[in-house]
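Our numbering puts the sequence shown at residues 1 to 112. The structure appears below as structure tokens.
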Amino acid sequence: MSLVSAILESLEKMVDENGWSSVKSVTLRVGAMRQVIPDVMKFAFEVSVKGTPMEGAELAIISVPIKFSCRGCGAHWGEEELGYLCPSCGGMEVDMEQGMELELESLEVQER
Ligand SMILES: [Zn+2]
Numbered sequence: 001m002s003l004v005s006a007i008l009e010s011l012e013k014m015v016d017e018n019g020w021s022s023v024k025s026v027t028l029r030v031g032a033m034r035q036v037i038p039d040v041m042k043f044a045f046e047v048s049v050k051g052t053p054m055e056g057a058e059l060a061i062i063s064v065p066i067k068f069s070c071r072g073c074g075a076h077w078g079e080e081e082l083g084y085l086c087p088s089c090g091g092m093e094v095d096m097e098q099g100m101e102l103e104l105e106s107l108e109v110q111e112r
């Protein structure tokens, strides 16, 4: 679970810099392309925060669906449709607009 350790690293830095005594809850936005299973991630988080200021913090995960856009015609669509081909012009020049997120949405902390 390298995703979890990457998140913990940046959280620990924030806790250090701000002098918070503990973190109560953490909300993440995670894109569907990350293929994160929320329960697995929560478990990994729980185990990894033992002995840190994040111990006991609740992890909430907001799942961000995959969305594509077409460079050719500018159409937008989601993963439930055709996927990597533009459904309106059939073009293959396609960008992923969202779905790769791994962002901190919000944080609830205990200040000293
Ligand atoms: Zn198109």
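C-beta atoms are modelled at their ideal positions from N, C-alpha and C, and glycine is treated no differently.
{"query": "Going by DSSP in three states, residue 29 sits in which element: helix, strand or coil?", "result": "strand"}
{"query": "Taking the alpha-carbon of residue 39 as reference, which of 29, 59, 49, 54 has the nearest alpha-carbon?", "result": "59"}
{"query": "Using three-state DSSP, classify residue 79 as helix, strand or coil.", "result": "coil"}
{"query": "Below 8 Å between beta carbons: does that hold for residue 67 and residue 105?", "result": "no"}
{"query": "Any heavy atom of ligand 1 closer than 7 Å to the Cβ of residue 88?", "result": "yes"}
{"query": "Where do the ends of the beta strand (DSSP E) carrying residue 37 lie?", "result": "It is not in any beta strand (DSSP E) - residue 37 carries neither H nor E in the DSSP assignment."}
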